Amino acid sequence: MEIEIPKPKVWPVPDTGDANAVCIDVIELGDETVDYGKGPVTRKKMRLLFQVEQCDEEGKPMRVGKKYTQSVHEKSKLRIDLKSWRGADLTAEELAAGTFNIDKVIGAQARLLIVHVPKNDGTKDVWANISVVMPPTDGVKVEADPDYERQVNR
0 MEIEIPKPKV WPVPDTGDAN AVCIDVIELG DETVDYGKGP VTRKKMRLLF QVEQCDEEGK
60 PMRVGKKYTQ SVHEKSKLRI DLKSWRGADL TAEELAAGTF NIDKVIGAQA RLLIVHVPKN
120 DGTKDVWANI SVVMPPTDGV KVEADPDYER QVNR
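One point on numbering: in numbering that gives the first Met the number 0, the residue at position 126 of the sequence shown is 125, and numbering is uninterrupted.
This is the structure we're talking about:
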């Protein structure tokens, strides 16, 4: 008896270059342990998920995300991207609060620089990665897909 092996779904990826987008979700990914040669370190991870203007062949909006450590330390990737995106660093009030509510970015407009990175599976498929998060283009607004349900609510 032969059993058919299903082919993995190939998700369409947005084109490289600038893309107008809206942040549609903040997804908690849990703990990740890495070892950079000085012993294992565990960090809480999260992903910001953006919907871009570009649609797939079925007319559905495309999405792209970026993974971060849950930290707004001055050298963290999240803090660097927030500063670039907002056009300013965290305010004195935000820093004095001792915590930053990252859910505030949901619904915020942005402009992304998307790059393609080859997958490590021997195919010609690529991942779409966010290289830079920038302030939105003046006068451009990407409407969030009303059918999208946040990960935390699923």
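All residues carry an ideal CB built from backbone N, CA and C; glycine is no exception. Predicted, not measured: the structure shown is a model, and the values here were computed from it.
Across the structure, ASP80 and SER70 are spaced so that their CA atoms are roughly 12 Å apart. Secondary structure at ASN128: strand, using DSSP grouped into helix, strand and coil. Residue burial annotation: MET0 is exposed, with fewer than 16 other C-beta atoms found within 10 angstroms of its C-beta.
Separation of LYS37 and PRO13 (C-alpha to C-alpha, rounded to the nearest whole angstrom) is 37 Å. Around the beta carbon of TRP84, 16 or more other beta carbons sit within 10 angstroms, so the residue counts as buried.
Between the alpha carbons of GLN53 and VAL131 lies a gap of roughly 18 Å. The beta carbon of PHE99 sits closer than 7 Å to the beta carbons of VAL71, LEU89 and GLU93 from its chain, once the five residues preceding and following it are set aside; these are given in chain order.
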